[in-house]
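Trainee:
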Amino acid sequence: MFTGRMKTEIPDALRYLGNGLQQAGARLVELDLSDNAFGPIGVEGLADLLRSSCCFALEELKLNNNGLGITGCKLLSKALHDCYESSKKEGSPLALKVFIAGRNRLENEGAKMLAAVFKKLKTLERVEMPQNGIYHVGITALSDAFEENKNLRHLNLNDNTITYKGAIPLGQALSKLPSLAILNLGDCLLKSAGASSIAKYLTDNTTLEDVNLTCNEISVQGGLDLVKAMKNKTKLKQINVSENQFGEEGVEEMEKLMKSFGMAAALVLEDDEGECSDEEQDEESEEENDSDAEGDNSNLSHNDSNHSHNASNQSHNNSNQSHNTSNQSHSVSQLKQHSVTDFLAAPSVSLFNSLGPNCAQLFLDEINSEPEDRYLESMLLAIMKVSSLVPSTTTLQSPSSSLFECTKVLYRELFNWASNSDKLSTVTNALLVHLGLIKCEDKSFKINYNLNGCMTAVRLLSEAKLLPSLTESQLLACMKLMDEKKSRAGIQLVECY
Numbered sequence: 001m002f003t004g005r006m007k008t009e010i011p012d013a014l015r016y017l018g019n020g021l022q023q024a025g026a027r028l029v030e031l032d033l034s035d036n037a038f039g040p041i042g043v044e045g046l047a048d049l050l051r052s053s054c055c056f057a058l059e060e061l062k063l064n065n066n067g068l069g070i071t072g073c074k075l076l077s078k079a080l081h082d083c084y085e086s087s088k089k090e091g092s093p094l095a096l097k098v099f100i101a102g103r104n105r106l107e108n109e110g111a112k113m114l115a116a117v118f119k120k121l122k123t124l125e126r127v128e129m130p131q132n133g134i135y136h137v138g139i140t141a142l143s144d145a146f147e148e149n150k151n152l153r154h155l156n157l158n159d160n161t162i163t164y165k166g167a168i169p170l171g172q173a174l175s176k177l178p179s180l181a182i183l184n185l186g187d188c189l190l191k192s193a194g195a196s197s198i199a200k201y202l203t204d205n206t207t208l209e210d211v212n213l214t215c216n217e218i219s220v221q222g223g224l225d226l227v228k229a230m231k232n233k234t235k236l237k238q239i240n241v242s243e244n245q246f247g248e249e250g251v252e253e254m255e256k257l258m259k260s261f262g263m264a265a266a267l268v269l270e271d272d273e274g275e276c277s278d279e280e281q282d283e284e285s286e287e288e289n290d291s292d293a294e295g296d297n298s299n300l301s302h303n304d305s306n307h308s309h310n311a312s313n314q315s316h317n318n319s320n321q322s323h324n325t326s327n328q329s330h331s332v333s334q335l336k337q338h339s340v341t342d343f344l345a346a347p348s349v350s351l352f353n354s355l356g357p358n359c360a361q362l363f364l365d366e367i368n369s370e371p372e373d374r375y376l377e378s379m380l381l382a383i384m385k386v387s388s389l390v391p392s393t394t395t396l397q398s399p400s401s402s403l404f405e406c407t408k409v410l411y412r413e414l415f416n417w418a419s420n421s422d423k424l425s426t427v428t429n430a431l432l433v434h435l436g437l438i439k440c441e442d443k444s445f446k447i448n449y450n451l452n453g454c455m456t457a458v459r460l461l462s463e464a465k466l467l468p469s470l471t472e473s474q475l476l477a478c479m480k481l482m483d484e485k486k487s488r489a490g491i492q493l494v495e496c497y
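Residue numbers (the UniProt record's numbering): 1 to 497.
1) For Leu185 versus Leu213, is the C-beta spacing smaller than 7 angstroms?
2) What did DSSP end up calling Asp483 once you bin it into helix, strand or coil?
3) Give me the Cβ distance between Met113 and Lys74, rounded to the nearest whole Å; I'm assuming they're in contact under 8 angstroms.
4) Taking just the CA atoms, how far does Val409 sit from Asn65?
5) Can you check whether the CB of Ser242 is closer than 7 angstroms to the CB of Leu224?
6) Consult DSSP for Phe56 and reduce its assignment to one of helix, strand or coil.
7) Quick one: does Ser53 have its CB under 7 angstroms from some CB of chain C?
8) According to DSSP, Gln238 sits in a beta bridge with which residue or residues?
9) Name the two residues that bound the continuous alpha helix (DSSP H) containing Glu30.
10) Compute the Euclidean distance between the alpha carbons of Ser53 and Leu96, then round it to the nearest angstrom.
11) Let me know the beta strand (DSSP E) ranges lying completely inside the segment 103-166, each 3 residues or longer, listed in chain order.
12) In or out: Lys256 buried (at least 16 other Cβ within 10 Å) or exposed?
13) Run the proximity test for Leu224: is its beta-carbon closer than 6 angstroms to any non-hydrogen atom belonging to the ligand SAH?
14) Would you mind sorting Pro169 into buried or exposed? The rule is 16 or more other CB atoms within 10 Å of its CB.
15) Going by beta-carbon coordinates alone, are Leu124 and Asn149 separated by less than 7 angstroms?
16) Report back the beta-carbon spacing between Asp272 and Asn240 to the nearest angstrom; my notes put them in contact at under 8 angstroms.
17) By Cβ distance, which residues of its chain are closer than 7 angstroms to Ile383, with the 5 residues on each side in sequence left out?
18) With distances taken from CA atoms, which of Lys200, Asn205, Val251 is nearest Leu180?
19) Does DSSP classify Gln23 as helix, strand or coil?
20) Can you list, in chain order, the residues of its chain whose CB lies under 6 angstroms from that of Leu183, leaving out five sequence neighbours each side?
21) Quick check on the burial criterion: 16 or more other C-beta atoms within 10 angstroms. Buried or exposed for Ala360?
22) Starting from the C-beta of residue 498, find all residues in its chain whose C-beta is less than 6 angstroms away, skip the five residues before and the five after it, and write them out in chain order.
23) Please report the residue range of the alpha helix (DSSP H) in which Leu257 lies.
24) Could you check what DSSP says for Lys62 in three-state terms: helix, strand or coil?
25) Tell me which same chain residues have a C-beta within less than 7 angstroms of the C-beta of Asp12, skipping the five on either side of it?
26) For Phe404, collect the residues of the same chain with a Cβ closer than 7 angstroms to its Cβ; drop the 5 residues on either side in sequence, then sort them by chain order.
27) Report the three-state DSSP secondary structure of Leu50 (helix, strand or coil).
28) Work out the CA separation of Ala430 and Met455 for me, nearest whole Å.
29) In the DSSP output, what is Val268 paired with across the bridge?
30) To the nearest angstrom, how far is the alpha carbon of Glu472 from that of Ser419?
31) List the DSSP bridge partners of Val98.
32) If you reduce the DSSP assignment to three classes, tell me which class Asn416 lands in.
33) Nearest by alpha-carbon distance to Asn151: which of Tyr164, Gly171, Arg126 is it?
34) Given a threshold of 16 other Cβ atoms within 10 Å of its Cβ, counted over all protein chains shown, does residue 499 qualify as buried or as exposed?
35) For Arg15, which residues in the same chain have their Cβ closer than 7 angstroms to its Cβ, ignoring the five residues on either side in sequence?
36) Leu189 to Ile218, Cα distance in whole Å?
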């Protein structure tokens with residue numbers, strides 16, 4: 001609705017909507033404003049409606065993909081809190097049942113603010129908050145709130161960085177939800193330890209119908225623990241554990257177990273990535289990742305309140321250098337952060353490989369630690385530096401390339417951000433500049449990376465249908481023109497379209 005509108009127009013438009021509903025004496029039961037790019041400034045206009053008697057009987061609130069951000073979430077949480085308190089004074093407190101707010105970059109701070117509201121409500125039956133950049137700190141706060149909502153039946157936290165640290169409090173909360181039927185924790189970096197923890201706490205639940213734990217880097221033991229936890233779930237329709245790391249033997253064991261339970265048809269297991277070669281290394285990576293995630297969240301929280309945090313963080317790191325030997329996890333996290341910085345300064349395949357299997361998350365941590373107004377430039381720089389090393393011979397049929405896989409993750413995050421922030425045109429234009437396809441107005445901008453690798457990555461993303469149509473059409477058209485010009489000049493290029 002608000003694409004292309006000036007920021008000053010958006011709050012007023014939502015105020016007019018709210019005022020009209022209030023004057024009409026409406027008593028809303030459901031409010032769905034999903035997929036409208038009103039952003040945090042739009043919540044200013046929406047807040048009055050949410051506080052009003054129009055919403056005292058509200059049961060379903062759907063704000064999916066609105067680009068709320070932490071600031072918008074703060075305003076939303078305050079409005080819902082005020083609505084609850086006002087309706088309570090009227091003798092019938094707000095009894096919200098459905099809350100949906102995916103793809104909004106709520107992060108830890110937003111999650112904590114909403115958790116405080118959820119604790120008061122105690123009436124939630126369905127909560128969906130996928131793709132919000134929430135780490136274990138925010139997950140812990142939400143888990144405490146979920147425990148207070150005993151009727152919670154449907155929980156979707158897909159594509160948040162829960163990890164093992166977040167799996168423990170979340171699992172404890174799940175064990176106290178007697179009506180839980182649908183659980184989506186796909187793409188949450190649980191790994192085996194996190195999956196086993198979730199499995200342990202789900203053992204006594206008998207109401208589960210649909211479980212999604214895809215894309216979590218879970219190895220055999222974690223998979224077996226999950227399957228064993230399904231034994232007493234007579235209502236189970238599906239447990240999806242696709243795209244993990246069980247290996248052929250692990251897959252066979254899991255299928256055999258489910259068959260013995262009489263639930264063979266419920267197991268969905270596709271595109272397995274093969275057994276992890278070193279369990280111990282996997283567990284160590286989990287611990288290191290958790291340390292990184294914890295530091296990342298501190299940076300994110302601080303970033304939201306003070307955009308000058310980089311300088312203070314650097315000072316803090318320097319002053320605490322002597323404590324590294326006494327705090328091993330902090331030391332490991334620091335080493336990885338410096339490695340990312342070193343790679344960006346001088347990209348090489350060997351330095352990229354030294355970052356380990358979770359390199360994409362390390363890049364995201366580094367990017368998210370930057371001030372908000374630096375996000376796009378930092379993300380583009382990381383994408384170009386990584387993709388510049390992608391061999392021109394790479395195809396979608398090639399064995400998995402860690403360079404291209406990392407590039408895919410970074411591009412995905414970039415386009416999610418663009419969609420949530422209503423900045424796809426800005427991102428597309430910036431990509432054209434960084435790929436050398438159009439001139440940059442900033443004369444100081446220089447390309448110091450191998451464009452052939454970057455172009456190869458774009459071609460592969462296009463083949464895999466991972467580019468937004470607007471971006472894809474502009475990139476490929478400009479790449480084709482450049483190839484034609486250079487072909488006429490006698491320069492041979494890799495085919496990139």
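Just so you know, even glycine gets a beta-carbon here, dropped at the ideal spot from N, CA and C.
Mentor: With the structure as the only source:
1) yes
2) helix
3) 6 angstroms
4) 19 angstroms
5) no
6) coil
7) The structure shown has no chain C; it contains just one protein chain.
8) Asp210
9) Unbroken run through Glu30 is the beta strand (DSSP E), 30-32; no alpha helix (DSSP H).
10) 14 angstroms
11) 126-128, 154-156
12) exposed
13) Among the components of this structure there are no ligands whatsoever, and the ligand SAH is therefore not found.
14) buried
15) yes
16) No, Asp272 and Asn240 are not in contact; Cβ-Cβ is about 12 angstroms, not under 8 angstroms.
17) Thr407, Leu410, Tyr411, Leu414
18) Asn205
19) helix
20) Leu155, Val211
21) buried
22) Past the boundaries of the shown model lies residue 498; the chain is included only from 1 to 497, so the question cannot be answered.
23) 247-260
24) strand
25) Gly45
26) Val390, Thr394, Ala457, Leu460
27) helix
28) 15 angstroms
29) Asn240
30) 15 angstroms
31) Glu60, Arg126
32) helix
33) Arg126
34) Because the chain is modelled from 1 through 497, residue 499 falls outside the range shown and cannot be assessed.
35) Gly45, Asp48
36) 9 angstroms
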